[in-house]
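Enquirer: If you want the working numbering, it's the position in the sequence shown, counting the first as 1, plus 105. Yeah, the Cβ is synthetic: ideal placement off N, Cα and C, and Gly gets one too. These figures come from a predicted structure and were not determined experimentally. Handing you a structure now.
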Amino acid sequence: MEAVRSQRKSLVSTGVGSTLPLYRSAPPLEVRLEDFELYAIHRLRVLKGISDALSRGKKPDEMEKLVLDLWKTNMRHQHSSELLNKDIISHFVLRLVYCRTEELRKWFLSIETTLFRYRFRDEAPEIQRTLMAEFDLPYKAVTTAEYESVKDKLNQVARAIGQPITTDAIYYKVPFEEVPELVAGRRVFIQKGNAYIAMNQVVSLVITQFRSHLSKALVLTNRKWTSMIGGQEKDRLVPIIEALSTSYLGPDYSQPREHAEISLKDIDQIAKSSFPLCMRHLFEKLREDHHLKHGGRMQLGLFLKGVGLKLDDALAFWRAEFSRKVGAERFDKEYAYSIRHNYGKEGKRTDYTPYSCQKIISSTPGVGDHHGCPYRHFSEENLRAALTKMRVGNRALEDVIDKVRNRHYQLACTLTFEAVHGSSCDAGVNHPNQYYNDSPRNLESQKSSSNPKGITAAM
106 MEAVRSQRKS LVSTGVGSTL PLYRSAPPLE VRLEDFELYA IHRLRVLKGI
156 SDALSRGKKP DEMEKLVLDL WKTNMRHQHS SELLNKDIIS HFVLRLVYCR
206 TEELRKWFLS IETTLFRYRF RDEAPEIQRT LMAEFDLPYK AVTTAEYESV
256 KDKLNQVARA IGQPITTDAI YYKVPFEEVP ELVAGRRVFI QKGNAYIAMN
306 QVVSLVITQF RSHLSKALVL TNRKWTSMIG GQEKDRLVPI IEALSTSYLG
356 PDYSQPREHA EISLKDIDQI AKSSFPLCMR HLFEKLREDH HLKHGGRMQL
406 GLFLKGVGLK LDDALAFWRA EFSRKVGAER FDKEYAYSIR HNYGKEGKRT
456 DYTPYSCQKI ISSTPGVGDH HGCPYRHFSE ENLRAALTKM RVGNRALEDV
506 IDKVRNRHYQ LACTLTFEAV HGSSCDAGVN HPNQYYNDSP RNLESQKSSS
556 NPKGITAAM
């Protein structure tokens, strides 16, 4: 792979040890296709970890540690000289992935900005000043004379926000609209339309510039993708790009856990106690209508395969339901093949994987379809009814609805799990089969506890 000639010659050539790029322009690199995808997946793990933590309301000090730990864990490279390459490549690959819709751009912009914020804060002051210079910000440090004239006011602000007071503090004077988060938090002294920013607060100024640049860059990347890249790379990069935006990065659930198996006689009871809402809804609709359209059959069928329903039992299960609507003969002709196909017994013999939360959330069910994510696709009224049926208590229900309104669908499912099982799920729910696998263990613990927390599971 061609080496990156640093985007910041001033940092590298002078020996300043920063490894934080500004991502101003894509470097002229030749990247192997496997690295193109792998680097993006590694960075995506970081971004999704940040997103989950923000959704759960982690405090700033908790976020700082989490972000840096996520970065160190996922963005390593066996060759230290390639770390900067990996950082830059992964960022620009994910720009392609997340430039394609307004919703994707909004998510990427928010989380990448958060990542940059904590990485910048982790840099030494001299490196922070060098990075500020690279943004070409037209602000200079306040002179000694001006500092003396406002020192008392600055110290009052510092005491109010719990910042240390030093005699050699460096301040910058900037228009107050450049640092809206500091103004909103009453964490800065303002005089004649200017805000006096302490050195330990310059991250707010830099973040405003970083976010503005990235926002514009994503729009331009989308135009290039639509007009040129998408057409030129439709057979090579497009499949990778499209898959990355809905990719699942957790454990493989294509096979059930060892010795895990569900029987047809227990399936109704298990569905009530341990299926996540998306699968419980499909299961109930199948029992009610004796039919599901293709999307629903795939989503529920692969989930059942992953939790341990054997092929013969799966055929018997679907035949028993569908035959009541279409007849046994039509079922064998039109539907049995696809079930065997999902188990790798027909066609290409591919062992298909159960759908992840991300894939289910991104689906677009039509009229008469019942697949997809209830937290995203249900009306609020229908979602409340479904959660009440699962015996989610009023307080937990309002918390779930709040997350849905803010489009945190996986966190809404996580809160449902916690309410139903009376236990925390710090890792969050990322896959329906994960929800199912964790459910029996938590239900058993709930039963054995003399003082269970939360709401008893629907049994």
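#1: Nearest chain B C-beta to F294 closer than 8 Å, yes or no?
#2: Give me the Cα-Cα distance between A524 and D507, rounded to the nearest whole angstrom.
#3: Just mark Y223 as buried or exposed, buried being the case when its beta carbon has 16 or more other beta carbons within 10 Å.
#4: Find the nearest neighbour of R210 within the set N538, Q233 and R316, judged by alpha-carbon distance.
#5: List the residues that DSSP assigns as beta-bridge partners of A246.
#6: So is R292 buried or exposed if we call it buried at 16+ other beta carbons inside 10 Å?
#7: Helix, strand or coil: which one does DSSP assign to Q296?
#8: Ends of the alpha helix (DSSP H) at P381?
#9: Tell whether a beta-carbon distance below 8 Å holds between S359 and G290.
#10: Exposed or buried, which one is S115 when buried takes at least 16 other CB atoms within 10 Å?
#11: From T331 to D543, what does the alpha carbon distance come to, in whole angstroms?
#12: How about T124 and L189: do their beta carbons lie closer than 8 Å?
#13: Applying the criterion that 16 or more other CB atoms from any shown protein chain within 10 Å of the CB defines a buried residue, is R546 buried or exposed?
#14: What are the uninterrupted segments assigned as alpha helix (DSSP H) that are 4 or more residues long and contained completely in the stretch 335–365, given in chain order?
#15: Taking 8 Å as the threshold (C-beta atoms), are L369 and F388 in contact?
#16: In three-state DSSP terms, what is I540?
#17: Would you call the stretch 482–502 in contact with the stretch 374–391, where contact means no fewer than 3 C-beta pairs closer than 8 Å?
#18: Just tell me which of A145, R205 and V311 has its CA closest to the CA of V198.
#19: Taking the C-alpha atoms as reference points, what is the distance between G401 and K390?
#20: DSSP three-state label for A425, please.
#21: Rounded to a whole number of angstroms, what is the C-alpha to C-alpha distance between G559 and T493?
#22: Tell me the DSSP secondary structure of I302 in three-state form.
#23: Counting Cβ pairs closer than 8 Å, one from the stretch 512–523 and one from the stretch 490–504, do we hit at least three?
#24: Assuming I216 and I155 are in contact, meaning their beta carbons sit under 8 Å apart, how far apart are those beta carbons, in whole angstroms?
#25: For the stretch 133–191, list the alpha helix (DSSP H) runs that are entirely contained and at least 4 residues long, ordered along the chain.
#26: Can you tell which of T272, Q296 and L201 has its C-alpha closest to the C-alpha of I568?
#27: Taking the beta carbon of A279 as the centre, do at least 16 other beta carbons fall within 10 Å, making it buried, or is it exposed?
#28: Identify, in the order they occur along the chain, each residue of the same chain with its Cβ nearer than 8 Å to the Cβ of Q306, setting aside the five sequence neighbours on each side.
#29: With DSSP as the reference, label P459 as helix, strand or coil.
#30: Considering only the alpha carbon of each residue, which of R328, L134, T219 and D394 lies closest to D474?
#31: Roughly how many angstroms separate the alpha carbons of G311 and Y244, rounded to a whole number?
#32: Our contact map puts L349 next to L152 with C-beta atoms below 8 Å; I'd like the distance itself, whole angstroms only.
#33: Counting only the same chain and skipping the five closest in sequence on each side, list residues whose C-beta sits under 8 Å from that of L259.
#34: Enumerated in chain order, which unbroken segments of the alpha helix (DSSP H) with a length of 4 residues or greater are wholly contained in the stretch 382–407?
#35: Less than 8 Å separating the beta-carbons of Y541 and I466?
Expert: Per the coordinate set shown:
#1: Of the protein chains in this structure there is only one, and it is not chain B.
#2: If I take the Cα positions, the gap works out to 15 Å.
#3: Buried is the call here.
#4: The shortest C-alpha separation from R210 is found at R316.
#5: Its beta-bridge partners are Y277.
#6: So R292 counts as buried.
#7: Residue state, collapsed to three classes: strand.
#8: Counting along the chain, P381 falls outside any alpha helix (DSSP H), and DSSP gives it neither H nor E.
#9: Not closer than 8 Å, so no.
#10: Low local confidence applies: a pLDDT of 34 at S115 is under 50, so the model's placement there is unreliable, with the coordinate-based value given in what follows. The residue is exposed, with fewer than 16 neighbouring Cβ atoms inside 10 Å.
#11: Annotation: T331 to D543 spans about 42 Å, alpha carbon to alpha carbon.
#12: Yes; because the gap between Cβ atoms is below 8 Å, this pair is in contact.
#13: Exposed, because fewer than 16 other Cβ atoms sit within 10 Å of the Cβ of R546.
#14: With a minimum length of 4 residues, the continuous alpha helix (DSSP H) runs that stay inside the stretch 335–365 are 343–349.
#15: Not in contact: F388 and L369 (Cβ atoms no closer than 8 Å).
#16: For the record, residue 540 in the displayed sequence is Tyr; it is not Ile. Of the three classes helix, strand and coil, the one that applies to Y540 here is helix, per DSSP.
#17: Taking 8 Å as the limit for Cβ pairs, the verdict is that the stretch 374–391 does touch the stretch 482–502.
#18: The shortest Cα separation from V198 among A145, R205 and V311 belongs to A145.
#19: Taking the straight line from one Cα to the other gives about 10 Å.
#20: In the structure shown, A425 sits in a helix (DSSP, three-state: H, G or I).
#21: Any reading at G559 must be qualified, since the residue scores a pLDDT of 46, below 50, and its modelled position is unreliable; no value is offered.
#22: Correct three-state label for I302: strand.
#23: Segments in contact, yes.
#24: By a beta-carbon distance limit of 8 Å, I216 contacts I155. Their separation comes to about 5 Å.
#25: Taken in chain order, the complete alpha helix (DSSP H) segments of 4 residues or longer contained in the stretch 133–191 are 138–160 and 165–179.
#26: Only positions 106 to 564 of the chain appear in this structure, which leaves residue 568 out of reach.
#27: The question names Ala, but residue 279 in the sequence shown is Val. Under this definition V279 is a buried residue.
#28: Around Q306: V284, L287, R292 and V293.
#29: Secondary structure of P459 (DSSP, three-state): coil.
#30: Nearest to D474 by alpha-carbon distance, out of R328, L134, T219 and D394, is D394.
#31: The residue asked about is misnamed: residue 311 is Val in this sequence, not Gly. About 12 Å.
#32: About 11 Å; that fails the 8 Å criterion.
#33: Cβ within range, chain order: Y252, A274, Y276, F294, Y301 and A303.
#34: Taking 4 residues as the minimum length, the alpha helix (DSSP H) runs contained wholly in the stretch 382–407 are 382–394, in order along the chain.
#35: Note that the C-beta distance between Y541 and I466 is not below 8 Å.
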